[in-house]
Ligand code: SF4
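Chains as they are written, first to last, in this note's numbering: chain V, 1 to 90; chain R, 1001 to 1378.
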């Protein structure tokens, strides 16, 4: 029920005095109300829930998290090898 | 699709699971608050991939599930009226009341329409001036701004044949209720990501501090849920009890203030009855006095409704993290998604329905196979 899906804003317009946008979800386009993210620009990603954009997707943050997660095991290995360097030396 | 596929990456999921195995030294009970999170966990079998010391219990965050039966019956009574077009999110259609579901109301001649956005109801009201358009406004804080906007716009645009049947609940009082219970087992929470998209996480900070419980605001994809679990376990192992944000790509501490403002313009906080749990003080939204002309409960006098939940159902204990669906004697036999007996079976996001859909009611072996298949499919 509380599902929100990320989509790319492709067009801005107004309908009955309400800020709206066309949002692309992997090829499927739907209308979304932009009243709660009035400063959104075309090309930005937003999370959409029941036809309302509720949060902006922070691209930098998403990339940072992804990089961090992709390296999580290496991080662990580095920390481990730092903790016991003596054992490695013959 | 961008920002979805990355967070379903099996390689990364496995790395986080390894990291959890390295971090954990003793058993912990962690609750995911949201029904959407429960659904992902059971669909991908994440709870079975985690080391056995982690027990995930399923929280009260499925608004369809906790909508009380008398409210469903009230909705059906209104939807049956010949002068009404009844609009609802699709999730509510299959929820049985005392006399069938909304599909049945429709089959018997009621005008029932599924809407994607509550704003669609205003167009329907415009196009049908001789009808009364009623919207079943349910949900948590995530959905409240959308529903509030429909009422706000109706008033602004002078639409008079539109009203809302409000059954809104909010998360913090339900978490506090679980933590205050003398038999509480929950030691850490995966916080409700999209609720916090609206509300931020300030209001969770006093809860974390007062009850000494870590709360990690978490997203809805498999990698999000695993990372949220890892962050919670790290806090537990280190004796910390803070609010942390796993879902930083979409959530900020303050949330969406425009949306919060609209909620407080249209709604006020009031007591709410939660199906399976009972009345929780100050746990939901009601329409502000200013919008009483849009209150379907006021417009359509529905006589007192008496409902009775089956005694066998333990959904109240499941929603508090005390029991699992498989502990219920009716699970998968008398109670299935086609013939639900209680709250947690009525929606796909309810714990009982999720367990059933992904084969947890049959033998272990089949379940293992399905789990593996679900992960591969991810
Ligand atoms: S299986 Fe059905 S009866 Fe049992 S707890 Fe779940 S909803 Fe209630």
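Heads up, the beta-carbon is just placed ideally off N, CA and C, and yes, glycines get one too.
So which residues on chain R does residue 65 of chain V lean against when the C-beta distance must stay under 7 Å? Along the first chain, read from residue 1 onward, the residue named residue 65 of chain V stands at position 65. Contact annotation for residue 65 of chain V against chain R: 1248 and 1249 [CB-CB distance below 7 Å, chain order].
So, helix, strand or coil for residue 1218 of chain R, using DSSP? Start at 1 with the first residue of the second chain, and residue 1218 of chain R comes out as number 218. Three-state DSSP puts residue 1218 of chain R in a strand.
Any beta carbon from chain V within less than 7 Å of residue 1203 of chain R's own beta carbon? Indexing the second chain from 1 puts residue 1203 of chain R at position 203. Not one chain V Cβ lies under 7 Å of residue 1203 of chain R.
Close-in-space but distant-in-sequence residues of the same chain around residue 1313 of chain R (CB under 6 Å, 5 per side omitted): Counting from 1 along the second chain, the entry for residue 1313 of chain R is found at position 313. Closer than 6 Å at Cβ, skipping near neighbours: 1341 and 1342.
Helix, strand or coil for residue 1105 of chain R? Go by DSSP, reduced to three states. If you number the second chain from 1, residue 1105 of chain R lands on position 105. Of the three classes helix, strand and coil, the one that applies to residue 1105 of chain R here is helix, per DSSP.
Hey, which residues come within less than 5 Å of the ligand SF4, measuring from Cβ to any heavy atom, in chain order? R:1313, R:1314, R:1315, R:1328, R:1330, R:1331, R:1335, R:1341, R:1342, R:1344, R:1345 and R:1352
Within chain V, partners of residue 1220 of chain R - CB distance below 9 Å: Within the second chain, the letter at position 220 stands for residue 1220 of chain R. The contacting residues are 2, 3 and 4.
What's the gap between the Cα of residue 1292 of chain R and the Cα of residue 1263 of chain R? By one-based count along the second chain, residue 1292 of chain R stands at place 292. By one-based count along the second chain, residue 1263 of chain R stands at place 263. Cα to Cα, the separation comes out at about 15 Å.
Just how far apart, CA to CA, sit residue 1236 of chain R and residue 1026 of chain R? Within the second chain, residue 1236 of chain R is the residue found at index 236, counting from 1. Within the second chain, residue 1026 of chain R is the residue found at index 26, counting from 1. Put simply, the backbone Cα of residue 1236 of chain R is about 10 Å away from that of residue 1026 of chain R.
Can you look up residue 1212 of chain R in the DSSP assignment and give me helix, strand or coil? If you number the second chain from 1, residue 1212 of chain R lands on position 212. Secondary structure of residue 1212 of chain R (DSSP, three-state): coil.
Curious, which full-length beta strand (DSSP E) runs of at least 3 residues does the stretch 1223-1250 of chain R contain? Whole beta strand (DSSP E) segments, 3+ residues: 1243-1245.
Proximal chain R residues relative to residue 57 of chain V, where beta-carbon distance stays under 7 Å: Walking along the first chain from the start, residue 57 of chain V turns up at place 57. The CB of residue 57 of chain V comes closer than 7 Å to the CB of 1003, 1249 and 1250 in chain R, given here in chain order.
Per DSSP, what kind of secondary structure is residue 1273 of chain R in: helix, strand or coil? Residue numbering aside, residue 1273 of chain R sits at position 273 when the second chain is read from its first letter. Strand, per DSSP.
Use the C-beta contact count for residue 1067 of chain R: other C-beta atoms within 10 angstroms, 16 or more gives buried, fewer gives exposed. As a first step, residue 1067 of chain R is located in the second chain; it is residue number 67 there, counting from the start. Buried, because 16 or more other Cβ atoms sit within 10 Å of the Cβ of residue 1067 of chain R.
On the premise that residue 33 of chain V lies in contact with residue 53 of chain V, defined as a C-beta separation below 8 Å, what is that separation, rounded to the nearest angstrom? For the purposes of this step, residue 53 of chain V is identified with residue 53 of the first chain, where counting begins at 1. For the purposes of this step, residue 33 of chain V is identified with residue 33 of the first chain, where counting begins at 1. With a Cβ gap of about 7 Å, residue 53 of chain V and residue 33 of chain V count as contacting.
At a Cβ cut of 7 Å, what residues of the stretch 1135-1159 of chain R count as close to chain V, listed as they run along the chain? 1139, 1140, 1142, 1143, 1145, 1146, 1149, 1153 and 1157
Quick one: which residues of the stretch 1082-1114 of chain R get their C-beta closer than 8 Å to a C-beta of chain V? List them in chain order. 1089 and 1091
Using DSSP's beta-bridge definition, name the partner residues of residue 53 of chain V. One-based indexing of the first chain puts residue 53 of chain V at position 53. V:48.
Residues bridged to residue 1192 of chain R by DSSP? What you label residue 1192 of chain R is simply residue 192 of the second chain in a count that begins at 1. According to DSSP, residue 1192 of chain R bridges with R:1218.
Using a C-beta cutoff of 7 Å, does residue 1342 of chain R count as contacting chain V? For the purposes of this step, residue 1342 of chain R is identified with residue 342 of the second chain, where counting begins at 1. Residue 1342 of chain R does not count as touching chain V.
The stretch 1116-1124 of chain R touching the stretch 1247-1258 of chain R, judged by at least three CB pairs closer than 8 Å: no
Just confirm the distance between the C-beta atoms of residue 1114 of chain R and residue 1088 of chain R, as a whole number of angstroms; I'd bet it's less than 8 Å. The residue labelled residue 1114 of chain R in the question sits at position 114 within the second chain. The residue labelled residue 1088 of chain R in the question sits at position 88 within the second chain. Between residue 1114 of chain R and residue 1088 of chain R, the beta carbon gap of about 6 Å places them in contact (Cβ cut-off 8 Å).
I'd like the list of long-range same chain contacts for residue 1102 of chain R, defined as Cβ closer than 6 Å, with 5 residues on each side in sequence excluded. Position 102 of the second chain holds residue 1102 of chain R. Excluding residues within five positions, the ones whose Cβ falls inside 6 Å are 1093 and 1112.
Drop a sphere of 10 angstroms on the beta-carbon of residue 1325 of chain R, count the other beta-carbons inside from all chains shown, and report buried for 16 or more, exposed for fewer. As a position in the second chain, residue 1325 of chain R is number 325, starting the count at 1. Classification for residue 1325 of chain R: buried.
Once you ignore the five residues that flank residue 83 of chain V on each side, which residues in its own chain have a CB closer than 7 Å to its CB? In the first chain, residue 83 of chain V corresponds to position 83, counting from 1. Its pLDDT being 46, under 50, residue 83 of chain V is placed unreliably by the model, and the measurement read from it follows with that caveat. If we look at residue 83 of chain V and ignore the five residues flanking it on each side, it has no Cβ neighbours.
Option nearest residue 1192 of chain R by Cα separation, candidates R:1171, R:1154, R:1331 and R:1212: Stepping through the second chain from its first residue, residue 1192 of chain R is reached at position 192. Residue 1192 of chain R has its Cα closest to that of R:1171, out of R:1171, R:1154, R:1331 and R:1212.
The beta strand (DSSP E) spanning residue 1111 of chain R covers which residue range? The residue given as residue 1111 of chain R occupies position 111 in the second chain. Per DSSP, residue 1111 of chain R belongs to the beta strand (DSSP E) from 1111-1114.
Test: residue 21 of chain V CB closer than 7 Å to a CB of chain R: Stepping through the first chain from its first residue, residue 21 of chain V is reached at position 21. False, the Cβ-Cβ gap to chain R never drops below 7 Å.
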